[in-house]
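Take the numbering used here: the final residue in the sequence shown is number 443, and no numbers are missing along the way.
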Amino acid sequence: MSIEQLAETAQAMVAPGKGIIAIDESNATIKKRFDGVGIECTEENRRAYRELLLTTPRLGEHISGAILFDETLRQSTRDGVPFTKVMTDNGIIPGIKVDKGTHALAGFPGEVVTEGLDGLRARLEEYYKLGARFAKWRAVINIGETIPSGSCIDANAHALARYAALCQEQGLVPMVEPEVIMDGGHDIDECYQVTEVTLRSLFASLYEQNVMLEGTILKASMVLPGTTSGEKASVEEVAAATLQCLKSTVPATLPGIVFLSGGQSDQDATAHLDAMNRMGPNPWPLSFSYGRAMQSAALKLWSQDLVGNVGKAQETVFARARDNGLAALGQWKA
Numbered sequence: 110m111s112i113e114q115l116a117e118t119a120q121a122m123v124a125p126g127k128g129i130i131a132i133d134e135s136n137a138t139i140k141k142r143f144d145g146v147g148i149e150c151t152e153e154n155r156r157a158y159r160e161l162l163l164t165t166p167r168l169g170e171h172i173s174g175a176i177l178f179d180e181t182l183r184q185s186t187r188d189g190v191p192f193t194k195v196m197t198d199n200g201i202i203p204g205i206k207v208d209k210g211t212h213a214l215a216g217f218p219g220e221v222v223t224e225g226l227d228g229l230r231a232r233l234e235e236y237y238k239l240g241a242r243f244a245k246w247r248a249v250i251n252i253g254e255t256i257p258s259g260s261c262i263d264a265n266a267h268a269l270a271r272y273a274a275l276c277q278e279q280g281l282v283p284m285v286e287p288e289v290i291m292d293g294g295h296d297i298d299e300c301y302q303v304t305e306v307t308l309r310s311l312f313a314s315l316y317e318q319n320v321m322l323e324g325t326i327l328k329a330s331m332v333l334p335g336t337t338s339g340e341k342a343s344v345e346e347v348a349a350a351t352l353q354c355l356k357s358t359v360p361a362t363l364p365g366i367v368f369l370s371g372g373q374s375d376q377d378a379t380a381h382l383d384a385m386n387r388m389g390p391n392p393w394p395l396s397f398s399y400g401r402a403m404q405s406a407a408l409k410l411w412s413q414d415l416v417g418n419v420g421k422a423q424e425t426v427f428a429r430a431r432d433n434g435l436a437a438l439g440q441w442k443a
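Here it is, written out as structure tokens:
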């Protein structure tokens, strides 16, 4: 695929007022979510839940793409329509999570590196044939007394860059996600410093691996105080710090940035995104790629009646998509 085609897909992913819904939980992760609301984690229940999300009426008005798990990319609706067809018929671009999760980084206690590069070329080729047009890889950066180390940051940045190059070779837009974890006692200034160093390392690695930024999307974490820091930053403080960090590290040639919610409340994730867009104009579109912040209310409703509450659950999915779509324009009202 040419860079023009990759760039076209990337631009569509961050179209005005639209964002990405992340429904790429592994079976182990979605089991935890299901356990929390008393749903048995069977293949059929997973399929039915993803169908509920993807068939939400008018979802394409505010959702440009969806990140799927391997199992979901291969599934169909109860009536036998492949999920990828449901998505493309509604203007939603299919995406796929391709990393194999985090593992301990040898020699660096408390730090992790994401694995999954082995055999990735063949998997990406198959995913493209199955209908995926973008992919996602998540790296995890923890903050502690003596971490993160430069070695951990660079190892994860290098893996993200190699993954991105392989994606573009196979015609998929890479979404690169270097998540600076919210857990910890760090203040907002330390989060800023770690995020800045992480992004500088990432874009240096992308350049070294000949990744075309015009066909790449950044999935970024916001600059926030740690959950156990006792510090509460205002919406404006978070928005300003995040924007300043991005402007100092992210090239303007990037088609767009989408944010992860990263453990924030639904309301906070939307408010922070809205504030950043109100502070614009910015060098790139700023949108969302939320998982729990898009789904949590729907999952609770659905768990109470797996058949009777589908419509009610879909109404909450659409409402969250609409609110975040407005926030991506700086037009959301609490």
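Just so you know, even glycine gets a beta-carbon here, dropped at the ideal spot from N, CA and C. Since the model is a prediction, treat every value here as computed from it, not as a measurement.
Residue i and residue j closer than 8 Å at C-beta
i	j	result
I176	I132	yes
T193	L182	yes
A430	A402	no
R242	Q279	no
G324	I139	no
V289	I250	yes
G365	M196	no
H381	A406	no
M321	L115	yes
T396	K127	In the sequence on display, residue 396 carries Ser and not Thr. Closer than 8 Å, so yes.
L369	R142	no
T304	C354	yes
E220	R247	no
V416	L162	no
F178	E235	no
Minimum C-alpha distance to residue i - residue among the options
i	options	result
D296	T337, F312, Q277	T337
W411	A402, E424, Y399	E424
Q277	N265, E286, G259, I326	I326
T186	C150, E317, E160	E160
S314	A274, V123, V344	A274
D292	N319, E340, G365, S260	E340
K442	N386, Q373, S370	N386
G294	I172, P334, E234, Y237	P334
P218	S258, G420, Q120	S258
T223	Q404, T211, A436, I148	T211
Q120	V282, D198, F427, E254	V282
L158	I148, P166, F312	Here residue 158 is Tyr; the residue named in the question, Leu, does not match the sequence. Among I148, P166, F312, the Cα nearest to that of Y158 is on I148.
Y316	D227, R156, D414, A270	A270
G478	V419, Q413, A437	What the structure shows of the chain is the stretch from 110 to 443, and residue 478 is not part of that stretch, so it cannot be assessed.
D432	E117, G420, I129	I129
G372	G189, Q404, G253, G228	Q404
P191	L233, G240, G253	G240
N199	I172, G400, Q318	I172
M515	G228, P125, E346, N319	Only positions 110 to 443 of the chain appear in the structure, and residue 515 is not among them; the question remains open.
N154	V419, A436, D227, R232	V419
Q318	Y272, S330, K356	Y272
G434	T118, E117, A124	A124
Cβ separation of residue i and residue j, assumed to be a contact under 8 Å, to the nearest whole Å
i	j	result
E170	N136	Not a contact, Cβ separation roughly 30 Å.
D375	G439	The Cβ separation is near 18 Å, so there is no contact.
K209	K245	That belief does not hold up - the Cβ atoms of K209 and K245 are roughly 13 Å apart, past 8 Å.
T351	V332	4 Å
S398	V367	4 Å
G174	G204	5 Å
Q184	R167	In fact, because the Cβ distance is near 22 Å, the residues do not count as touching under 8 Å.
Any non-hydrogen atom of the ligand FAD within 7 Å of residue i CB
i	result
R142	Ligands are entirely absent from the displayed structure, and the ligand FAD is therefore not among its contents.
Practice task
Within the region 142–219, note down every full alpha helix (DSSP H) run reaching 4 residues or more, in order along the chain.
Solution key: 152–163, 179–182, 192–198
Practice task
Report the residue ranges of all beta strand (DSSP E) runs contained in full by the region 227–287; include only those spanning at least 3 residues, in chain order.
Solution key: 243–250
Exercise for the section: List in chain order: all unbroken alpha helix (DSSP H) runs of 4+ residues lying wholly within the region 385–414. Expected result: 401–413
Exercise for the section: Evaluate contact between the region 263–271 and the region 289–303, counting only Cβ atoms and requiring at least three cross-stretch pairs below 8 Å. Expected result: no
Practice task
Please confirm if the region 355–362 is in contact with the region 389–401, defined as three or more CB-CB distances below 8 Å between the two stretches.
Solution key: Below 8 Å, enough C-beta pairs join the region 355–362 and the region 389–401 to call them touching: three or more.
Handout entry: Contiguous alpha helix (DSSP H) assignments of at least 4 residues, all confined to the region 285–358
Key = 297–317, 344–356
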